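Worksheet for the structure shown next.
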Amino acid sequence: MDDRDLMLCAAAGDDGAFGILVEKYAKSLLNFFLRKNVSYHDGQDLVERTFLRLWKYRARYTPQAKFTTFLFLVASQVGVDFFRETDRRARLARGISNEAEIAEASPVRTIEPGMAGDVRAAVAQLPPAMRDVVELAVFQELQYAEVAEILGIPVGTVKSRMFNALRKLKELLK
Amino acid sequence: MTEEEDLLAFASVLRTRMPQAEAPANLAPRIIAAVARHERRRRLVRAFAWSLPLAAVLTLAVGVLWLDDAPSAASPAGVAGEYRNAFAVSSKSADELAGNIEYIVKSQREDGSWMHPRLSACNVAALELAHRKGLASAESLRAYKRGLRWMRINGIRELTPAQFQADALQSRNWGA
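Those sequence lines, one after another, are chains A and B. For what it's worth, the working numbering labels the leading residue of the first sequence as 1, then goes sequentially. For what it's worth, the working numbering labels the leading residue of the second sequence as 1001, then goes sequentially.
Next comes the structure, spelled out in structure tokens:
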């Protein structure tokens, strides 16, 4: 069964099919949020929120759409809501967070010296609009049409942002 | 090689070189369990939907009778007392608040909730307010974080400051 079939089963109430999708996409969703500079703990929360919201809205899934389009559309909305809440609680969040504890608890694959170590920093320097396109088109390997639907922009804009972003990254990582 | 081909090849290199965090082993099971909990709750609510208006009326009636003898906020007992602990944070002086905040923290359940969703939302708002008044401790901040996390996982809307204040006024009227 492909993702579309699994999601259609989930839409019909099959939580086992939904569980397969959770197992498959939890890691890539987590990295999607971590690359938005949230903590490891918050990233896990956001992954949970995304899947819970996906389950609640499962009846809205149409078979014409790819599952990943639906998934990242919901994930993007969850991210927007999170940053809205975080802005409001910025002062309190500083009192709560313990970055040393979180960094110790987050198992990231060893970063190779040189270019690898700078990739994350370079991507973080991109303007948000370019960063979103790079995240979805490069790291999540979605097609341009999907990225366009998720971000609500024309396909041509996706392509031009992506290529401009790649040119800039190439320059930064020279 | 055209520039486009060159950039796409560069994109492939970026993809392999970007550090990837591993998801904890219990993340997927936790999510699946949360979905199952959500479904159980939804089925329960639907099964008893017909009785909700009746239950609301009965609860209100019992609450009104109960609140007549409600104890003071300093010695919490029952739902009324618990609400008063939360709302007292919005109105009382620093000296009076320490006990209330301590009670809110100690009465939190292991999963980060309190007795019911509304009370949980009130207590989370109260702990935030306590922090803003400079009264937070390490324990109250941890309780706040756990409570907020529980509410978000269960889709419970947080109280805005205006809603919290409005409920605080209503709470004061209970004791009038």
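Ideal placement from N, C-alpha and C gives every residue a C-beta, glycine not left out. Quick caveat: nothing in here was measured; it's all calculated off a predicted structure.
Residue i touches chain B at which residues, Cβ-Cβ below 7 Å?
i, result
"residue 174(A)", "Those within 7 Å of residue 174(A) in chain B number zero; the least Cβ separation is about 11 Å."
"residue 4(A)", "Here the premise fails: no neighbours, minimum Cβ distance about 19 Å."
"residue 22(A)", "1028, 1031 and 1032"
Spatial neighbours of residue i within its chain, please: C-beta separation below 6 Å, excluding the five flanking residues on both sides.
i, result
"residue 137(A)", "147 and 162"
"residue 170(A)", "none"
"residue 1113(B)", "1120 and 1150"
"residue 73(A)", "150"
"residue 67(A)", "3, 4 and 7"
"residue 1009(B)", "none"
Compare the Cα-Cα distances from residue i to each of the options and report the closest residue.
i, options, result
"residue 155(A)", "166(A), 167(A) and 142(A)", "142(A)"
"residue 1029(B)", "19(A), 77(A), 83(A) and 38(A)", "19(A)"
"residue 1130(B)", "1146(B), 1106(B), 1101(B) and 1122(B)", "1101(B)"
"residue 49(A)", "1148(B), 1099(B), 1016(B) and 1166(B)", "1148(B)"
"residue 1160(B)", "1140(B), 1049(B), 1027(B) and 1118(B)", "1118(B)"
"residue 1040(B)", "37(A), 13(A) and 60(A)", "13(A)"
"residue 1110(B)", "1043(B), 1142(B) and 1025(B)", "1142(B)"
"residue 36(A)", "60(A), 139(A) and 144(A)", "139(A)"
"residue 82(A)", "1162(B), 1042(B), 1015(B) and 1155(B)", "1155(B)"
"residue 1162(B)", "1133(B), 1122(B) and 1062(B)", "1122(B)"
"residue 15(A)", "1007(B), 1036(B), 1026(B) and 1005(B)", "1036(B)"
"residue 56(A)", "1042(B), 1003(B) and 1115(B)", "1042(B)"
Please return the same chain residues whose Cβ sits closer than 7 Å to the Cβ of residue i, not counting the five positions on each side in sequence.
i, result
"residue 63(A)", "4 and 8"
"residue 33(A)", "43, 46, 47 and 79"
"residue 51(A)", "22"
"residue 100(A)", "At residue 100(A) the pLDDT is 43, less than 50, meaning the model places this residue with poor confidence; the figure from the coordinates comes in the next sentence. If we look at residue 100(A) and ignore the five residues flanking it on each side, it has no Cβ neighbours."
"residue 1146(B)", "1108 and 1112"
"residue 17(A)", "6, 9 and 10"
"residue 172(A)", "122 and 125"
"residue 71(A)", "25 and 54"
"residue 1038(B)", "none"
Looking only at its own chain, which residues have a Cβ that is under 8 Å from the Cβ of residue i, when we skip the five neighbours before and after it?
i, result
"residue 69(A)", "142, 146, 149 and 150"
"residue 165(A)", "126, 130, 131, 133 and 134"
"residue 77(A)", "53"
Against chain E, does residue i count as a neighbour if the rule is that its beta carbon must be under 7 Å from one of theirs?
i, result
"residue 1035(B)", "Structure shown: chain E not included; protein chains present are A and B."
Do residue j and residue i have their beta-carbon atoms positioned less than 7 Å apart in this structure?
i, j, result
"residue 29(A)", "residue 75(A)", "yes"
"residue 58(A)", "residue 11(A)", "yes"
"residue 1127(B)", "residue 1103(B)", "no"
"residue 1033(B)", "residue 1153(B)", "no"
"residue 1164(B)", "residue 1136(B)", "no"
"residue 122(A)", "residue 1023(B)", "no"
"residue 1018(B)", "residue 158(A)", "no"
"residue 31(A)", "residue 1021(B)", "yes"
"residue 1158(B)", "residue 1105(B)", "no"
Below 8 Å on C-beta distance, what does residue i contact in chain B?
i, result
"residue 161(A)", "Near residue 161(A) there are no residues of chain B at all, since even the closest Cβ is about 12 Å away, more than 8 Å."
"residue 30(A)", "1021, 1023 and 1027"
"residue 26(A)", "1023, 1027, 1028 and 1031"
Residue i versus chain A: which residues are under 8 Å apart at the beta carbon?
i, result
"residue 1166(B)", "Chain A residues near residue 1166(B): none, gap ~18 Å exceeds 8 Å."
"residue 1049(B)", "Chain A residues near residue 1049(B): none, gap ~17 Å exceeds 8 Å."
Does the beta carbon of residue i fall short of 6 Å from some heavy atom of the ligand NAP?
i, result
"residue 1027(B)", "With respect to the ligand NAP, the structure shown offers nothing to examine, as it has no ligands at all."
Give me the chain A residues within the contact set of residue i, using Cβ-Cβ distance strictly less than 9 Å, ordered along the chain.
i, result
"residue 1155(B)", "49, 52, 53 and 56"
"residue 1149(B)", "41 and 45"
"residue 1039(B)", "13, 15 and 55"
"residue 1044(B)", "Correct list: empty, because the minimum Cβ distance to chain A is about 16 Å."
Taking Cβ-Cβ distances shorter than 9 Å, what residues in chain B pair up with residue i?
i, result
"residue 168(A)", "Those do not exist, as residue 168(A) stays about 11 Å from chain B at its closest Cβ, beyond 9 Å."
Give me the chain A residues within the contact set of residue i, using Cβ-Cβ distance strictly less than 7 Å, ordered along the chain.
i, result
"residue 1208(B)", "Not covered by the structure: residue 1208(B). The range shown for chain B is 1001 to 1176."
"residue 1018(B)", "119, 120 and 139"
"residue 1011(B)", "138 and 166"
"residue 1152(B)", "45 and 49"
Q: With 7 Å as the C-beta to C-beta threshold (strictly closer), list the residues of the region 120-139 of chain A near chain B in chain order.
A: Closer than 7 Å at the C-beta level to chain B, one finds these residues of the region 120-139 of chain A: 120, 138 and 139.
(Q) Please identify, using Cβ separations under 9 Å, the residues of the region 32-44 of chain A that lie next to chain B, in order along the chain. (A) So the list reads 34, 35, 40, 41, 43 and 44, given in the order they occur along the chain.
Q) What residues in the region 5-18 of chain A bring their beta carbon closer than 8 Å to a beta carbon of chain B? A) Those residues of the region 5-18 of chain A that come within reach of chain B (Cβ to Cβ, closer than 8 Å) are 15 and 18.
Q. The region 1116-1128 of chain B: which residues have C-beta closer than 8 Å to a C-beta of chain A, in chain order?
A. Answer in chain order: 1128.
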